[in-house]
Amino acid sequence: VYDEETVRLEQEEASARAEKTRREWELTSRSAASIRQHVAKLHPDERSPRGSLELGSASHGARGTLVSRGFSTVSAPPEGSADHQRSCMVIAGKMLRSQERRQSVGLRNASRQEEHKGKMERLSTALQAAEVRVVAQQRGLVDAQRRRAFEGEQRRSEQRKTLREMHRENDRIYEA
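Quick note: the sequence shown uses the numbering used here, first residue 4, plus one each step.
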């Protein structure tokens, strides 16, 4: 059922999806690294408890300014910690679900296209069959009309012949 063109197109689509996933993964990795660097700049002392900063605290004036501007001061969990691993697992799960959704949508779209193609083929076949029936019906009507015309002409010819014979017979009777 699969032809080479369909297989080739599906392979191209799969490689495009894989490339897109790879680019998204790289972007996510770069973003995570950038966030870690930013957090490291904001929190040079990794041992400080998360969320201990308060707006305008004397010991952390620069960070308090960030809070007053609407930035979060909650640092990312240290790499390798349970929180970090859990966050990584959540992100990986989201990426996997996103990829599965894209594949599912792709499969549904392919299925719909296949259904549409089959429907169009069935419609085309039905239209061709209807066209053949119409042509046959028209031929039958034309043939019937020709037959009726021929039979009518034969009747008229027969009537003329009979009429001529009657005239001849009458002429013979009047001459004799």
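Beta carbons: idealized from backbone N, C-alpha and C, even for Gly.
Here the structure is a predicted model, which is why all the values come from computation and not from measurement.
Q131 has its alpha-carbon roughly 54 Å from the corresponding atom of L30. In this structure R115 is not in contact with R20, their Cβ atoms being roughly 18 Å apart against a cut-off of 8 Å. The C-beta distance from Q102 to T24 rounds to 6 Å, short enough to fall under 8 Å. Counted as a single uninterrupted DSSP element, the alpha helix (DSSP H) harbouring H119 occupies residues A85 to E178. About 14 Å separates the beta carbon of E22 from that of G109, a gap too long to meet the 8 Å contact definition.
When secondary structure is reduced to three states using DSSP, E13 falls in the helix class. The C-alpha of A133 lies about 27 Å from the C-alpha of R151. If the five residues before and after L12 are omitted, its C-beta is found closer than 7 Å to no C-beta atom of its own chain.
For H46, the three-state secondary structure derived from DSSP is coil.
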